[in-house]
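Beneath this line is the structure, given in structure tokens, with notes to follow.
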Amino acid sequence: MDGNQPRTLRSLADLAREGLLAADAAADPALAEVAARYAIAITQDVRDTIDRSDAADPVARQYVPDARERETHDDENADPIGDDAHSPVKGIVHRYKDRALLKPTHACAVYCRFCFRREMVGPGGAALDAAETQAALAYIRATPAIREVILTGGDPLVLSPRRMGELLGALAAIDHVDWLRIHSRVPVADPARVTDALVAALKQPKAVWLAVHANHANEFSPAAIAACAKLADAGIPLIGQTVLLKGINDTPEGLETLFRTMTKHRIKPYYLHHADKAPGTAHLRTDLATGQTLMRGLRGRLSGLAQPVYVLDIPGGAGKVPVGPTYLGADGTVADPAGRRHAYRDD
Ligand SMILES: *Cc1c(COP(=O)(O)O)cnc(C)c1O
Ligand code: SF4
Numbered sequence: 143m144d145g146n147q148p149r150t151l152r153s154l155a156d157l158a159r160e161g162l163l164a165a166d167a168a169a170d171p172a173l174a175e176v177a178a179r180y181a182i183a184i185t186q187d188v189r190d191t192i193d194r195s196d197a198a199d200p201v202a203r204q205y206v207p208d209a210r211e212r213e214t215h216d217d218e219n220a221d222p223i224g225d226d227a228h229s230p231v232k233g234i235v236h237r238y239k240d241r242a243l244l245k246p247t248h249a250c251a252v253y254c255r256f257c258f259r260r261e262m263v264g265p266g267g268a269a270l271d272a273a274e275t276q277a278a279l280a281y282i283r284a285t286p287a288i289r290e291v292i293l294t295g296g297d298p299l300v301l302s303p304r305r306m307g308e309l310l311g312a313l314a315a316i317d318h319v320d321w322l323r324i325h326s327r328v329p330v331a332d333p334a335r336v337t338d339a340l341v342a343a344l345k346q347p348k349a350v351w352l353a354v355h356a357n358h359a360n361e362f363s364p365a366a367i368a369a370c371a372k373l374a375d376a377g378i379p380l381i382g383q384t385v386l387l388k389g390i391n392d393t394p395e396g397l398e399t400l401f402r403t404m405t406k407h408r409i410k411p412y413y414l415h416h417a418d419k420a421p422g423t424a425h426l427r428t429d430l431a432t433g434q435t436l437m438r439g440l441r442g443r444l445s446g447l448a449q450p451v452y453v454l455d456i457p458g459g460a461g462k463v464p465v466g467p468t469y470l471g472a473d474g475t476v477a478d479p480a481g482r483r484h485a486y487r488d489d
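Heads up, the sequence shown is in this note's numbering, so the first residue is 143 and it goes up one at a time.
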């Protein structure tokens, strides 16, 4: 391998040089079109979890560009869950009364091919400058209904520990904010960023919950496991966030192993997201019936502690709702995990 290969691969040529794409990929006009539109980044840690002998490797599929990303369907949308309509000031999305998103950066450690914000994220994407950050904080201070601030992006954990500490400190100082939440792929995708300084920045006088985004058990490399342990040891409650992805984790065994791995490493599986209709992601989406069948299967074979809630973010911004299987029948029966129906007298 080329000794000058960068630690994070950011171009088709980088990927071709490492054998993650065909040698002539950089000259492929279809892939060039994809790469011009959607950012690429694959860290060394992620590459180390890829099995090069597996053409359908579930980690590689999450990050390596695919010519099918050019195919945009008419129900796909650059803003699939309607964030823009609920943005009172730059960097804030306030859709539910009691909680608001704060997006301090558009950069991520890695760029995922299925990302629902794929039109917004990227290394050049504008982050909030100092004045915009103050304006966002002022909105939260002036809105007592906001009880929780959720840092997302981009990936907030690419901010320096100093900026992270300042931002969390300012949010924790707001009386009506009861707790904070951060959504991040950094613990699994770029665990070297989970330094003592970052952990210190996450320790605040109010609870800071961390949602770790992972879609396959193979993402839990020894370094990722160590990063999660460091966070959990520091008293930071960890929850897991997963996107259901065709050809990546849409099997009973795949999901069971992922949720067992999370729970074993002190990450409580929180949501299994039905994939959003972001442009060029149809080849990675399942249908809802597939997700429901998978969830029904997990009920009987996996501890209740390790079960996430299967959710759909309704296109257009109406909100997230559970879409898992229902067990109660209209006929006064209830289904058990094996699907057998039992009468239940509801009185
Ligand atoms: C997903 C989301 C939240 C968080 O929802 P929870 O169900 O509390 O995890 C908050 N605001 C917006 C705009 C969201 O899209
Ligand atoms: S890390 Fe999150 S925000 Fe960034 S590309 Fe992946 S899914 Fe999108």
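Built from N, CA and C at the ideal position, the CB exists for glycine as well.
Check                                                                                                            : Outcome
Whether Arg-335 touches His-355 by CB criterion (8 Å)                                                            : no
Integer Cβ distance of Asp-455 from Ile-223, believed to fall under 8 Å                                          : 4 Å
C-beta atoms of Tyr-281 and Val-341 nearer than 8 Å                                                              : no
Beta-bridge partners of Asp-196, as assigned by DSSP                                                             : According to DSSP, which records beta bridges pairwise, Asp-196 is partnered with nothing at all.
Neighbourhood of Leu-397 by C-beta, 7 Å cutoff - its chain only, sequence neighbours within 5 removed            : Asn-391, Leu-436 and Leu-440
In chain order, each alpha helix (DSSP H) run of at least 4 residues that lies wholly inside the segment 415-457 : 430-443
Touching by the beta-carbon criterion (3+ pairs, under 8 Å), the segment 420-431 and the segment 369-381         : no
Contact set, ligand 1 heavy atom to C-beta under 7 Å                                                             : Ile-223, Asp-225, His-228, Val-235, Arg-237, Tyr-238, Arg-241, Ala-242, Leu-243, Ile-292, Tyr-413, Asp-455 and Lys-462
Buried/exposed call for Arg-443, threshold 16 Cβ in 10 Å                                                         : exposed
Cβ-heavy atom distance, Arg-259 to ligand 2, below 7 Å                                                           : yes
Host alpha helix (DSSP H) of Tyr-205 (start-end)                                                                 : 202-205
Candidates Gly-311, Ile-182, Ala-368 and Ala-312, of which the one nearest Pro-329 by Cα                         : Ala-368
Where Glu-211 falls, given that 16 or more other Cβ within 10 Å makes a residue buried                           : buried
Check whether Leu-386 and Leu-414 have beta carbons under 8 Å apart                                              : yes
Whole-angstrom distance between Thr-275 and Gly-233, CA atom to CA atom                                          : 8 Å
Option in Arg-152, Ser-153, Asn-357 and Asp-226 with minimal Cα separation from Pro-200                          : Asn-357
Per DSSP, cross-strand counterpart(s) of Gly-382                                                                 : Val-354 and Pro-411
Anticipated Cβ contact below 8 Å, Glu-213 with Gly-422, distance rounded                                         : 6 Å
Cβ contact check for the segment 291-307 and the segment 240-249: 3 or more pairs under 8 Å                      : yes
Three-way DSSP call (helix, strand, coil) for Thr-337 in this model                                              : coil
Stretch pair the segment 295-309 + the segment 166-181: three plus CB contacts closer than 8 Å                   : no
Buried/exposed call for Gly-272, threshold 16 Cβ in 10 Å                                                         : Note that residue 272 is Ala in the sequence shown, not Gly. Result: exposed.
8 Å Cβ shell around Leu-447 - same chain, five flanking residues per side excluded                               : Thr-405 and Lys-410
Coil, strand or helix - Arg-305 by DSSP                                                                          : helix
Nearest residue (CA-CA) to Glu-361, options His-416, Pro-347, Ile-381 and Thr-403                                : Thr-403
Through-space distance from Ala-198 to Gln-561, alpha-carbon basis                                               : In the structure displayed, the chain extends from 143 to 489; residue 561 sits before or after that span and is not available.
Start and end residues, beta strand (DSSP E) containing Gly-396                                                  : It is not in any beta strand (DSSP E) - Gly-396 instead sits in the alpha helix (DSSP H) that spans 394-406.
Any chain D beta carbon closer than 8 Å to Arg-443                                                               : Checking the listed chains, one finds no chain D in this structure; it contains a single protein chain.
Rounded C-alpha distance that separates Glu-160 from Ala-169                                                     : 16 Å
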